[in-house]
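**Q**
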Amino acid sequence: MSVTLTLAWRNLWRHKRRSWLTIGAMVFSNVLLVFMITLQFGSYEMMINNTLRAFSGHIQIAQVSYQEQQKMRLTVPQVAELARQLQARFPGIEVAPRALTFVLAASEDRSFGLQLAGVDAAREPSMSTIPGLMVEGRYLSAAGANEIVLGSVLARNLKVTVGDEITLLGTGVDGSLAAAVVSVSGIFDSGLADIDRSLAQILLRDFQSLFAMQDRGHAILVNAPDIAQTNFYQAEIKGWLSSRGVSDLEVLNWEQLNPGLRQAIQSDMASAWFMYMVLIVLVAFSALNTQLMSVLERTREFGIMSAVGVRTSTLGRLVLLESTVLAALGLLLGCALGALVALYFRVNGLSLPGMAEMAAQYNLPPKMYPSLQPMAILLGPLVVFMGCVSSALYPALKLTALTPVSAMRAV
Numbered sequence: 359m360s361v362t363l364t365l366a367w368r369n370l371w372r373h374k375r376r377s378w379l380t381i382g383a384m385v386f387s388n389v390l391l392v393f394m395i396t397l398q399f400g401s402y403e404m405m406i407n408n409t410l411r412a413f414s415g416h417i418q419i420a421q422v423s424y425q426e427q428q429k430m431r432l433t434v435p436q437v438a439e440l441a442r443q444l445q446a447r448f449p450g451i452e453v454a455p456r457a458l459t460f461v462l463a464a465s466e467d468r469s470f471g472l473q474l475a476g477v478d479a480a481r482e483p484s485m486s487t488i489p490g491l492m493v494e495g496r497y498l499s500a501a502g503a504n505e506i507v508l509g510s511v512l513a514r515n516l517k518v519t520v521g522d523e524i525t526l527l528g529t530g531v532d533g534s535l536a537a538a539v540v541s542v543s544g545i546f547d548s549g550l551a552d553i554d555r556s557l558a559q560i561l562l563r564d565f566q567s568l569f570a571m572q573d574r575g576h577a578i579l580v581n582a583p584d585i586a587q588t589n590f591y592q593a594e595i596k597g598w599l600s601s602r603g604v605s606d607l608e609v610l611n612w613e614q615l616n617p618g619l620r621q622a623i624q625s626d627m628a629s630a631w632f633m634y635m636v637l638i639v640l641v642a643f644s645a646l647n648t649q650l651m652s653v654l655e656r657t658r659e660f661g662i663m664s665a666v667g668v669r670t671s672t673l674g675r676l677v678l679l680e681s682t683v684l685a686a687l688g689l690l691l692g693c694a695l696g697a698l699v700a701l702y703f704r705v706n707g708l709s710l711p712g713m714a715e716m717a718a719q720y721n722l723p724p725k726m727y728p729s730l731q732p733m734a735i736l737l738g739p740l741v742v743f744m745g746c747v748s749s750a751l752y753p754a755l756k757l758t759a760l761t762p763v764s765a766m767r768a769v
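Each residue of the sequence shown is one higher than the one before, counting from 359 in the working numbering.
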């Protein structure tokens, strides 16, 4: 241990109460920041999963330019078989083939345009939240035929209920007229108005038959085990497709599929950090006050040290080192205690008043769970650390202008 570090350590404990009060303020703020940021990241994960599982998935495999053009002819050949092979290659992910188009749906009284999705009924319950949101009837059956499930707002607009028939009119992939009569097997309520008023699902094989698509589909949706692993699996799937000589398919992650969702998260994070910075500035001023008091008390001591040949720059480094050690103790203790608090709620969850009822309505988890990502745990305390160290720059720079004679005369 260097002489400067030894002196810094000893100087900290010359006034134990003051040092512990400053460390305590840092620890409290760090614990609070760790808990709030991990809970915020956890809420983002829940929001992302709920939104993406309702429709687009974490990753989508489709024809190049399909995301921009959404044309019926931009299809993935042997979509169900490719999905099966992808699932076998990456057992940890969830995979589902999907076909999409826009059709006119007509009941006895009304007609509305809607987005029709062809889905694999066996894979959807683990892939999407829609099967768990049924408020009337049941979800599609893998053994069924000519069945449809639709959103609650759409069902109300069409004036249909379970058991009623709907006529679907659209255009096949070959340009032919596509028409079919399907029976309503279930009605879902996702809580998302855009989905509930415009989305309906039928079996993939019925979709392929209706629109003359043979074994083709429009996309393969993939859910990673964790949202944080999305980029990893995106790269792995790209490599797997490339090794098979497939060059006409692109692999997009949720940020590319839903840029608006990403922007909403960034906006919320920016507003939250405005509040966090108020707390961080208060703690930094507390550290500044501690260092200023320490320097003022030792002005005579610093004057003597300067008179015997110690450079003022060395004295400045000493004060900076004291502040760094103080901030490091606050960082370590705060991160450790904050991580323990976050871990407790990660295991047991955090339930707010009224949250369970809302969660049951929208098929969400009844509790919030903090995210234990390293960035969520370390981000806030590191900013506090940098703020506290920076606050020592003023007293350290003040020492560089110290003159031995005037300093030794100080009381």
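All C-beta atoms in this analysis are idealised placements derived from N, C-alpha and C, irrespective of residue type, glycine included.
Using the Cβ count rule (16 or more neighbours within 10 Å means buried), how would you classify PHE460?
**A** The residue is exposed, with fewer than 16 neighbouring Cβ atoms inside 10 Å.
**Q** Taking DSSP as the reference, what is the three-state secondary structure of MET359?
**A** Annotation note: pLDDT 49 at MET359 (below 50); position unreliable, coordinate value reported separately. Of the three classes helix, strand and coil, the one that applies to MET359 here is coil, per DSSP.
**Q** Look up GLN473 in the DSSP assignment and give the residues it is bridged to.
**A** PHE460, LEU557
**Q** Closer than 8 Å, CB to CB, is VAL477 near chain B or not?
**A** Here there is only one protein chain, and chain B is not present.
**Q** Can the beta-carbon of PHE448 be found closer than 8 Å to that of LEU512?
**A** no
**Q** Using a Cβ-Cβ cut-off of 7 Å (strictly less than) and excluding sequence neighbours within five positions of MET359, which residues of its own chain qualify?
**A** Unreliable placement is indicated for MET359, whose pLDDT of 49 sits below 50; the coordinate value is still reported in the next sentence. Beyond the five residues adjoining it in sequence on each side, MET359 comes within less than 7 Å, by CB distance, of no other residue in the same chain.
**Q** Along the beta strand (DSSP E) that carries MET492, what are the first and last residues, could you check?
**A** 492-495
**Q** What residue from ASN611, GLU613, LYS596 has the CA that sits closest to SER605's CA?
**A** LYS596
**Q** Could you tell me if GLU439 is buried or exposed, where buried requires 16 or more neighbouring beta carbons within 10 angstroms of its beta carbon?
**A** exposed
**Q** Are the CB atoms of GLN649 and VAL683 within a distance shorter than 8 Å?
**A** no
**Q** To the nearest angstrom, report how far apart ARG411 and GLY521 are at their CA atoms.
**A** 27 Å
**Q** Using three-state DSSP, classify GLY575 as helix, strand or coil.
**A** In the displayed model, GLY575 falls within a strand according to three-state DSSP.
**Q** Whole angstroms are fine: how far does the CA of LEU379 sit from the CA of VAL389?
**A** Approximately 15 Å between the Cα atoms of the pair.
**Q** Does the separation of the CB atoms of ALA734 and THR396 fall below 8 Å?
**A** yes
**Q** Give me the Cα-Cα distance between ARG669 and MET663, rounded to the nearest whole angstrom.
**A** Distance from the CA of ARG669 to the CA of MET663, rounded to the nearest whole angstrom, comes to 8 Å.
**Q** What's the C-alpha gap between GLN427 and GLY696?
**A** Between GLN427 and GLY696, the C-alpha separation is close to 47 Å.
**Q** Are there 16 or more other CB atoms within 10 angstroms of the CB of GLY603, so buried, or fewer, so exposed?
**A** exposed
**Q** Between LEU607 and ILE419, which are expected to be in contact by the criterion C-beta below 8 Å, what is the C-beta distance as a whole number of angstroms?
**A** 6 Å
**Q** Classify ASN504 as helix, strand or coil using the three-state DSSP reduction.
**A** Coil at ASN504, not helix or strand.
**Q** I need the DSSP call for GLN649, collapsed to helix, strand or coil.
**A** helix
**Q** Assuming contact is defined by CB atoms lying nearer than 8 Å, are VAL477 and ALA454 in contact in what I supplied?
**A** yes
**Q** Decide yes or no for the touch test of the stretch 364-383 against the stretch 565-583: beta carbon pairs closer than 8 Å, at least 3 of them.
**A** no
**Q** Going by DSSP, which residues form a beta bridge with VAL540?
**A** ILE524
**Q** Return the residue from the list LEU432, ASN515, SER423 that minimises the CA-CA distance to ARG468.
**A** The shortest Cα separation from ARG468 among LEU432, ASN515, SER423 belongs to ASN515.
**Q** Leaving out the 5 sequence neighbours to the left and right, which residues in its chain are closer than 6 Å to ILE406 when beta-carbon positions are compared?
**A** In the same chain as ILE406, and ignoring 5 residues on each side of it, the C-beta atoms closer than 6 Å to its own belong to ILE585, in chain order.
**Q** For TYR591, tell me which candidate among VAL609, ASP547, PRO753, ASN369 has the shortest Cα-Cα distance.
**A** VAL609
**Q** Which stretch, first to last residue, makes up the alpha helix (DSSP H) that contains GLU594?
**A** 588-601
**Q** Just to confirm, is the Cβ distance from LEU615 to GLN425 under 8 Å?
**A** Contact: yes.
**Q** Could you tell me if PHE399 is buried or exposed, where buried requires 16 or more neighbouring beta carbons within 10 angstroms of its beta carbon?
**A** buried
**Q** Give me the DSSP bridge partner(s) of THR529.
**A** LEU535
**Q** Over the uninterrupted alpha helix (DSSP H) stretch that includes ALA441, give me the two end residues.
**A** Counting along the chain, the alpha helix (DSSP H) containing ALA441 begins and ends at 437-447.
**Q** Counting pairs of beta carbons, one from the stretch 743-755 and one from the stretch 636-653, are three or more of them closer than 8 Å?
**A** Judged by Cβ distances under 8 Å, the stretch 743-755 makes contact with the stretch 636-653, as three or more pairs qualify.
**Q** Would you tell me roughly how many angstroms separate the C-alpha atoms of ARG656 and SER749, rounded to the nearest one?
**A** ARG656 and SER749: Cα-Cα distance of roughly 18 Å.
**Q** Less than 8 Å between the C-beta atoms of LEU498 and SER548, yes or no?
**A** no
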